[in-house]
Amino acid sequence: MRLGLCAALCLWWSGSFVLAAEPYVVTASVDPADFALVGDRATAQILVNAKDHPGLQRAVQSLQQDLQKVTGQQLPVHHSVTAGAASDLALIVGSLDQSALLADLVARGKLDVSAIKGRWEAFQISLVEAPMPGISQALVIAGSDKRGAIFGVYDLAEQMGVSPWVWWADVPVKTSKVLYIKAGTHKVDAPKVKYRGIFLNDEYPALTSWVMQKYGGYNHQFYQQVFELLLRLKANFLWPAMWNNAFADDDWQNAVLADEMGIVMSNSHHEPMLRADKEWNRYGKGPWEYSKNREAIYQFWQQGAVRHKNLESIFTLGMRGQQDEPMSEGENIGLLEKIVADQRQILTETFKDRDIKTVPQVWALYKEVQGFYERGMRVPDDVTLLWSDDNFGHLRRLPTAQERSRSGGAGVYYHFDYVGGPRSYTWINSTPIAKIWQQMDLAWRYQADRIWIVNVGDLKPMEYPIDFFLRMAWNPTRFTAGNLEQYARDFATQQFGPEHATEIAWLLEGYSRHNGRRRPEAMTAQSYPLLANQEAARVSTELADLAQRSSALLAKLPKNQQDAFIQLVDHPVQATQALFELYHAEARNQLLASQGRRETNAAAADVKRWFDRDAALTARYHAIGSTSDKAGRWDQMMAQPHIGLRYWRNPEANTMPVLLTNQPIEAADMGVAAEGSSASWPQSDDLGHSLTLPRFDRLGTQQRVIDIFNRGSQSFQFEAKVVEAKVVDASSGKNKAGWLQISASQAEVKTSYPLKVSIDWSKTQPGLNQAEVWVKGTGYGWAKIKVTALDSPAARAPAIQAALAARQNAPFADADGYIAVNASSAQVQGNSTERYWQQVAGLGRFLLDEQAGSMVAVTPVDQLGDTNPVDTSPANTSSAEISPAAIKQAPRLQFPLYFQQAGEFNLQLYLSPALQITPGRGVRLAVALGDAEPQLLDLMANYDDKVWQQSVLDNIRILSHRLQVASPGLHQLRVYLVDPAVVLQKITIDTGALQPGYVGPVQSRRLHPQENQ
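What follows is the structure, encoded as structure tokens:
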């Protein structure tokens, strides 16, 4: 019987997630007690009380439609048991506060609702035998309240195979002629975050153009689709579009429908008292300045309170300037306190039938408003404090122990989209789910659990992170660092089935992680260097692989899945590649032009080709579902400009980069460039600069290239020779030559020729060996390229074998003038249940092929390592001291390193941007080489707006520390845990030749005792 069940489940993939509870919908009955929702021989009727909530009635109608889409059968909906009904099976749906059907079942002992009674938005789904006369078996969906019942209905719809994204991303339903509920089904669920929602923002031109075309404006026909999406995702809260819109004033049915369907409405952080910013433009009299125009503004707010008195809402308190700017009155705490007192008075006068403490209110501590709080302003305890990120996904503050005791609790306002400095990002998803998890897990740990709301811009194309954010808001404890990859597979399975789920998850994670390294709008030709560490080429290879795999998969998918695949996967993958390659080609165009190369014009043509590719991808998206006389389903939804941003204001349209061209001379003209450098001969001679290859060493790169290229239109012959400094063998006193080798002494060059340079280590001497490669072709004189080879005794086989004998962990080698190690490759030592380093895969600026992750510091929220409590009073701006002894007892990351030489070297720690989330703590960690005393490093040291701007553009903070290495050989670098919110991505140590880059060099190779150099 279990085998039969497995077979049934394998043939059917429901809409449920592996991370959720066990699926209860199957497509074949393997137990006589299974319930036939739509069976081979019987079909259930739907029973819902006529006086139950209208919003629940709507949800039941939606479920009825979903069932028809899945099975082809339309289940009848009745309000009571009908004599002679066609079926004695029933799906009974109701809320405990309104359903007479449920009340009857409870009264007669047929239904136990103690698990959900009195809870917020809880639901219970269970099978009941013989619940009432005329019904032999029933599936009962009971909600503790209106939304609890609605969420139970949509839970069943999702289990049946209807994705929450069925309308918003054209995800087809999974069809089956029959649907059974497994015997013994009993599911109870409820949210852990009270209000969970999204903010439609920055909606022009994309969303607004689409809405105007499809609906004529932001009316209730449009918002009905938004509300249903939220309910299907078990969300309950919305800040509506507001750039040039006013939710309740544009269409009063917007507000009425939201309340009916069960969506709690508010206005954004700068629109107090449920009045939209644009309403003041329409009806306000005088300036938006409370100190000068109190009477008019007070009356304006009164009207908002009265208007929404009977609608479920959250009132935003406080005041900012119009258009989301700071108040013109400046940082006047007394004035803002007066404003809040007046707003509370308005609510007291409006809600005379209840205690004002029961009227939901929120104070958004956004941008400069947080400064009012930190300087001592307070609101009553029943007002929720809504903390914010920095607009780029890094939480600015979380509640202290004292603040966590407030009755109003705390929440978080987060961003997937932002318009403002240092660079807007509105086009496409650029927030990896690993980053969302790490930040919102912090919020959960610090009990910021009253409201989670996220700015989603145009809604599309943010489907993937929205889905994750709202599912995590329902139950943050269900998501861990170890199951984020499973979530990606679950999401892919729900939309497209299990066959390609692993591949689709890889594509989703691939494009979003790339955009998370540097947001598309912040890209320039200089973002990823062409020369240092071959970064641009490595990224190009990664994105080309993703694009090729996505195209191949699109061709394999059934026709009815392709539109959804384009929206959710293929468009963001292909568009991400196109944008990167446009800037990659621009960088090549600039480099080639600076060297006078023939290929300059070809690179310029590549820029144009990728610019056109971007436009073609946008047109394809807009054409989805179009016909000869009808615009596409999502026409204009990808209209956000995203090419050519140089500051935060978007250009009016995508802007082609300025391109360089070159007209080669009608003759041969030699140029020479050394690997890793943009300098080229003969210009280098004119500027007095030497061409130099990166240093060779025994443990590093064993071949480098001198590029001999043609700046003219005719081919030429070159000759090359090695000119070595005299090296004398100390033991024999004889000259040792021939240690520097080149791949050719002469050859023809049409476009370019890679002259390969290598070292014969049997002929080098200990220390630094120096020589030159001379190249002659056209023109006067020789191009001279310096070559150095470091032959360190510590890098020779006997020294390595002696140092590593009996060692368990192979160290990372000092090679090519640096050591680089990903944090997830460190040894973790000293973790405890409360204080630990936690690996998070997918978090950080790594390339996919590195298969690396970051290490996140987790600590008790109010204690340091020595168990002393931290002074977290808001007025405390210092970081609590911690003793060196306590630091040494803390969990640590240990990096085994092998140095070729002694000296003082620069250690760089690559950390995710982070802010001081609680007063009294910095964002610190400590480092030590071996048993030396740990040295504290703090991300908040020397921190200012310029540092913040650079860190959010680069999505990294790099802390530096000078390391004293007393001797060559094996050493242990230790990184100690001190404060929470620290995310270490990698370390690098410059031992003489580290090239500056963006993501940094690939991880150094490990040494083993059997090394034979």
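Numbering follows my numbering, with no gaps: position 506 of the sequence shown is 798.
Think of the CB as a built atom: it goes at the ideal place given N, C-alpha and C, for glycine as much as any other residue.
Using the three-state DSSP reduction, which class does residue i fall into: helix, strand or coil?
i	result
Val831	helix
Thr1306	Given a span of 293 to 1305 for the chain in the structure shown, any question on residue 1306 remains unanswerable.
Ser1243	helix
Gln518	One detail in the question is off: residue 518 reads as Val in this sequence, not Gln. Val518 falls in the helix class under three-state DSSP.
Asn747	strand
Gln1295	coil
Ala1206	coil
Arg1249	strand
Lys479	strand
Gln1143	coil
Ser387	strand
Phe988	strand
Pro672	coil
Asp396	helix
Cys302	Low confidence applies here, because Cys302 scores a pLDDT of 38, under 50, leaving its location unreliable; read the following figure in that light. Three-state DSSP puts Cys302 in a helix.
Asp681	strand
Ser428	strand
Glu791	coil
Gln994	coil
Glu1040	strand
Arg696	helix
Ala824	helix
Arg689	coil
Arg599	helix
Confirm, please, whether the CB-CB distance from residue j to residue i is below 8 Å.
i	j	result
Thr1070	Ala966	no
Ile638	Met565	yes
Ala336	Ala325	no
Phe708	Pro757	yes
Arg1184	Val1132	no
Asn798	Ala765	Reading the sequence as shown, one finds Trp at residue 798 and not Asn. Contact: no.
Val1215	Val1153	no
Ala1029	Glu1016	yes
Lys438	Gly347	yes
Gln416	Ile408	yes
Gln1277	Leu1203	yes
Glu413	Ser391	no
Pro456	Leu521	yes
Tyr779	Phe761	no
His1300	Ala1102	yes
Output the boundary residues of the beta strand (DSSP E) element that contains residue i.
i	result
Leu1203	1195 to 1203
Tyr705	702 to 707
Lys1278	1275 to 1282
Arg1216	1216 to 1221
Gln416	415 to 424
Arg810	Arg810 -> no beta strand (DSSP E), and no H or E assigned at all.
List the residues that DSSP assigns as beta-bridge partners of residue i.
i	result
Gly1059	Asp1083
Val1067	Ala1012, Ala1075
Pro1046	Asp999
Trp268	Nothing about residue 268 can be read from this structure; the chain reaches only from 293 to 1305.
Leu983	Ile1077
His1263	Leu1189
Ala382	Gln337, Ala430
Ile631	According to DSSP, Ile631 bridges with nothing at all.
Between which two residues does the alpha helix (DSSP H) harbouring residue i extend?
i	result
Lys1188	The residue asked about is misnamed: residue 1188 is Pro in this sequence, not Lys. No alpha helix (DSSP H) contains Pro1188, which is instead part of the beta strand (DSSP E) from 1184 to 1191.
Tyr779	776 to 788
Pro1090	1089 to 1096
Phe857	851 to 857
Asp759	755 to 766
Tyr269	Absent from the model: residue 269. The displayed extent of the chain is 293 to 1305, so no value can be given.
Check whether the Cβ of residue i lies closer than 8 Å to any Cβ atom in chain D.
i	result
Ser560	In the structure shown, chain D cannot be found, because there is only a single protein chain.
Subject >> Completely contained beta strand (DSSP E) runs for the region 867 to 953, where each covers 3 or more residues >> reply: none
**OP:** Note down, one range per segment and in chain order, each beta strand (DSSP E) of at least 3 residues found wholly within the region 489 to 567.
**Re:** 529 to 531
Original post:
Which full runs of the beta strand (DSSP E) of 3+ residues lie inside the region 320 to 364, going along the chain?
Top reply: 327 to 330, 337 to 340
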